[in-house]
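Scroll down for the structure; my scribbles are underneath it.
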Amino acid sequence: MPYLLPGWRLKGRDTTRMATQALLNTRRLIGAALEHAPGLAVNAAARFQPHRLLPGLAYGPEPRHRLDVYVPRGGATPFPVILFLYGGSWSSGNKEIYRFLGAELAARGFLAVIPDYRVYPAARYPAFVADAAEALRWATEHALRFNADPGRVFVMGHSAGAHIAAMLAFERRWLAAAGVGRLSGVIGLAGPYDFEIDTELLHGVFGGPENRRRSQPLAHVTGNGPPMLLATGEADTTVLPRHTRTLAAAIRSAGGEVETIFYPHIGHREIIGAFSPLFRFLAPVAADVSAFVSTRRARAANTVDADGSGRGWHERL
1 MPYLLPGWRL KGRDTTRMAT QALLNTRRLI GAALEHAPGL AVNAAARFQP
51 HRLLPGLAYG PEPRHRLDVY VPRGGATPFP VILFLYGGSW SSGNKEIYRF
101 LGAELAARGF LAVIPDYRVY PAARYPAFVA DAAEALRWAT EHALRFNADP
151 GRVFVMGHSA GAHIAAMLAF ERRWLAAAGV GRLSGVIGLA GPYDFEIDTE
201 LLHGVFGGPE NRRRSQPLAH VTGNGPPMLL ATGEADTTVL PRHTRTLAAA
251 IRSAGGEVET IFYPHIGHRE IIGAFSPLFR FLAPVAADVS AFVSTRRARA
301 ANTVDADGSG RGWHERL
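Written out as structure tokens, the structure reads:
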């Protein structure tokens, strides 16, 4: 039987009620932490992780063309590069909120680059996709400066950021315009990949239903895209898990390479909050991302690929 504290036992409905309340409390805590992260413990804990932070570097001329770089301290070099694109409904967000994520990636031996990008109403689609491509160009061109490998570059996004990452993966004009070659891999966390433009906000961001097809990652899927890891929480009610399943099925049908992970009882914010040491117990998201990137490193070095067995929760496509 479950134990909460030594000598405490819960049975039946008591167990379910307590577990449900604990999950709700955790979700509220993560939500508050992500909204006010620059001043809360979720980012304060990042100070104790081994990394060097270089904040506010310019990758373009606009005020929001700034990025933060998290450099590992020690570890095998050259480091793989992970560019992280945060979410915020294409209308909000800032890189300082995600210091816990940059520090976690650096502690795992990756050069983490987290850019701001233009958002609505100051910018509309496709400005934020173009910004992401420019940030990727900067990361690739400056990788050697940080003992990182410009030939092993990954893009990871959460929510709206996962949408942007998928657009970079499949609509090749963005990478071509930025002078960036093929990506080593793309990681999408709780991303919307095929949605209706049916709200006032989405009309503002994307310009109306006439832009629906060209603004959707699903419409651009080909079999020659980069390897992808698509992960989501089964309890996500903000961006439903069907988005992950639908995009993965399309990639598989086209002959592409994709792996999916569905985390039980995890919602939209928990999947990103789990990168913090404070919430790592929720799901092994950081470990799964690390394994995905490391697997591609092994292939580049002509070593044996990991089979991912024993981690549970995985559906390989």
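Oh and the sequence shown: position 285 is 285 in the UniProt record's numbering, straight run, nothing missing. Backbone N, C-alpha and C fix where the C-beta goes; we use that ideal spot for every residue, glycine too.
Rounded to the nearest whole angstrom, the CA to CA distance from histidine 265 to proline 61 is 42 Å.
A distance below 6 Å between beta-carbons, with the five flanking residues on each side excluded, links glycine 256 to the following residues of its chain, in chain order: Gly223 and Gly225.
Excluding its 5 nearest sequence neighbours in each direction, valine 113 has C-beta neighbours in its own chain below 6 Å: Leu67, Val69, Leu83 and Ala139, listed in chain order. Within the DSSP bridge table, the entry for proline 115 names Leu67 as partners. Here aspartate 198 is exposed. Its C-beta has fewer than 16 other C-beta atoms within 10 Å. Judged by their CB atoms, leucine 85 and alanine 46 are not nearer to each other than the 8 Å cut-off. In the structure shown, the three-state DSSP call for phenylalanine 146 is helix.
Between glycine 233 and glutamate 200, the C-beta spacing is not below 8 Å. Alanine 162: member of the alpha helix (DSSP H) spanning 160-170, first to last residue. By alpha-carbon distance to serine 89, the top candidate from Phe170, Glu96, Tyr125 and Ala231 is Tyr125. By the C-beta density criterion, alanine 58 is exposed, having fewer than 16 other C-beta atoms within 10 angstroms. Isoleucine 272 sits in a helix when the DSSP states are folded into three classes. Going by C-alpha positions, valine 289 is about 8 Å away from leucine 229.
Counting other Cβ atoms within 10 Å of its Cβ, threonine 238 stays below 16 and is therefore classed as exposed.
By a beta-carbon distance limit of 8 Å, histidine 158 contacts alanine 190. Their separation comes to about 6 Å. In the DSSP assignment, isoleucine 187 is bridged to Met156 and Leu229. Boundaries of the alpha helix (DSSP H) around valine 205: 200-206. Counting C-beta atoms within 10 angstroms of its own C-beta, glycine 181 has fewer than 16 neighbours from the protein chains shown and is therefore classed as exposed. Distance from the CA atom of glycine 109 to the CA atom of valine 293, rounded to whole angstroms, is 11 Å.
Residue pairing by DSSP puts leucine 53 in a beta bridge opposite Tyr70. Exposed is the label assigned to phenylalanine 281, since fewer than 16 other Cβ atoms lie within 10 Å of its Cβ. For the options Ala107, Ile164 and Val153, the alpha carbon positioned closest to that of alanine 127 is the one of Ile164. Buried is the label assigned to alanine 250, since at least 16 other Cβ atoms lie within 10 Å of its Cβ.
Cβ contact annotation for proline 121 (same chain, cutoff 7 Å, sequence separation greater than five): Gly204, in chain order.
Bridge pairing for threonine 238: absent [DSSP]. Classified as exposed, serine 253 has fewer than 16 neighbouring CB atoms from the shown chains inside 10 Å of its CB. The distance from the Cβ of glutamate 171 to that of histidine 220 is about 5 Å, consistent with a contact at the 8 Å cut-off.
The beta carbon of glycine 87 lies closer than 6 Å to those of His158, Ser159, Ala160 and Gly161 in the same chain, with the five residues before and after it left out.
The alpha-carbon separation between alanine 166 and alanine 235 amounts to approximately 22 Å.
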